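Comments concern the structure below.
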Amino acid sequence: MGNVLAVIAARGGSKRVPRKNIRDINGKPLLAFAIQDAKAADTVDKVIVSTEDDEIRSVANDWGGDTPFTRPQELASDDATTDDVVLHALDWFEERGTTFSEVCSVPVTTPFREPEDIDETIELLRKRGAKSGMSIVGYDSPPFSAVDFDNEDCSISPYFDESNLWIETQAQKVPTLYHPNGAVFVATVSGFREYESFYTDETVGYRMPSERSLDIDVPHDLEVARALAAREN
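In short: position in the sequence shown from 1, add 14, done, that's the numbering used here.
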């Protein structure tokens with residue numbers, strides 16, 4: 015057993031989807047999904063929302079999110095990373111005498127993650143004795159067939175090895191490769207402080223299905239999320 019801090023990073027300055035963290039998904043702000051998932055996870059002991067924005071703070075509080083501090087402005091810029099935000103939260107608590115064994119980042123932009131996904135990622139970390147872990151999902155198409163596109167003449171060229179470009183595409187002959195889906199990131203506090211990142215030399219992956227891996231990155235993703243949420247209801 016451990017003592018887990020879940021950090022929900024929610025700044026106000028999203029560029030591609032303005033005010034993304036509090037955009038409405040069928041009557042619920044996007045931020046609320048992350049708060050409810052983290053609070054319902056059995057392995058999580060403390061859930062906080064880190065924001066510099068007064069409106070986001072108010073929305074977080076309305077949905078049961080704890081906002082114990084105002085995030086410094088330098089950690090709300092485009093250059094600041096989630097890792098910076100998590101490190102600040104850990105430092106803030108430690109300066110006040112509270113320590114944790116593990117820390118978890120629960121991104122706002124993956125609304126169809128379940129509390130069990132958080133629990134399973136943390137349990138996998140503990141079972142394997144790893145320094146960090148994260149949720150992953152299979153690629154929709156083979157990444158090794160990626161191409162560069164020339165805007166001048168519309169020609170394409172292999173991004174990776176040329177022999178991979180026209181690789182056999184039958185599903186049974188293509189290896190399954192994965193990428194982080196942005197739903198859950200966990201680490202031991204010691205491992206996170208060592209690397210200042212959720213990517214370490216001992217990282218495990220928890221596989222999630224594509225239907226729970228939608229990431230809100232552009233306005234169209236909001237429409238997809240609303241349609242999926244309506245179907246689930």
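Where is the CB? At the ideal position from N, CA and C, for every residue including glycine. Just so it is clear, the structure is predicted and the values come from calculations on it, not from any experiment.
Residue j beta carbon less than 9 Å from that of residue i
i	j	result
ALA103	VAL21	yes
THR124	ILE49	no
ALA24	ASP67	yes
ASN17	ASP59	yes
PHE126	PHE212	no
LEU139	ALA201	yes
PHE206	VAL117	yes
GLY26	ASN35	yes
ILE136	GLY147	yes
Beta-carbon proximity list for residue i, same chain, < 8 Å, skipping 5 on both sides
i	result
GLU88	ALA94
VAL232	ARG30, VAL31
TYR220	ASP131, GLU134, THR135, LEU138, GLY147, MET148, SER149, ILE150, VAL198
GLU208	LYS145, THR214
Rounded straight-line distance, which links the Cα of residue j to that of residue i
i	j	result
THR81	ASP51	16 Å
PRO121	LEU44	10 Å
GLY78	TYR192	33 Å
VAL63	ALA74	7 Å
ARG128	ASP167	According to the sequence provided, residue 128 is Glu. The question's Arg does not apply to it. Rounded to whole angstroms, GLU128 to ASP167 spans 45 Å at the Cα level.
LYS145	THR214	7 Å
ALA5	ASP131	A query on residue 5 cannot be resolved here, the shown segment of the chain reaching from 15 to 247 and no further.
ILE150	SER169	32 Å
ASP164	SER155	21 Å
ASN247	GLU237	15 Å
ARG37	ASP98	24 Å
SER28	ASP235	14 Å
Cross-strand partners of residue i (DSSP beta bridge)
i	result
TYR209	Paired residue(s): none; TYR209 is not in a bridge.
LEU44	In DSSP, LEU44 forms no bridge with anything.
GLY219	MET148
VAL117	LEU19, ALA201
Reduced DSSP category for residue i - H, G, I as helix; E, B as strand; rest coil
i	result
VAL239	Looking at the sequence provided, one finds Ala at residue 239 rather than Val. Of the three classes helix, strand and coil, the one that applies to ALA239 here is helix, per DSSP.
PHE163	strand
ARG33	coil
ARG226	helix
THR135	helix
PRO125	coil
PRO194	strand
PRO157	helix
Close beta carbons around residue i, own chain, < 6 Å, minus the five adjacent residues each side
i	result
PHE107	none
GLY152	THR190, TYR192
ARG85	SER64, THR65, GLU66
Beta-carbon proximity list for residue i, same chain, < 7 Å, skipping 5 on both sides
i	result
GLY196	PRO121, THR123, THR124, ASP229
THR96	ALA23, SER119
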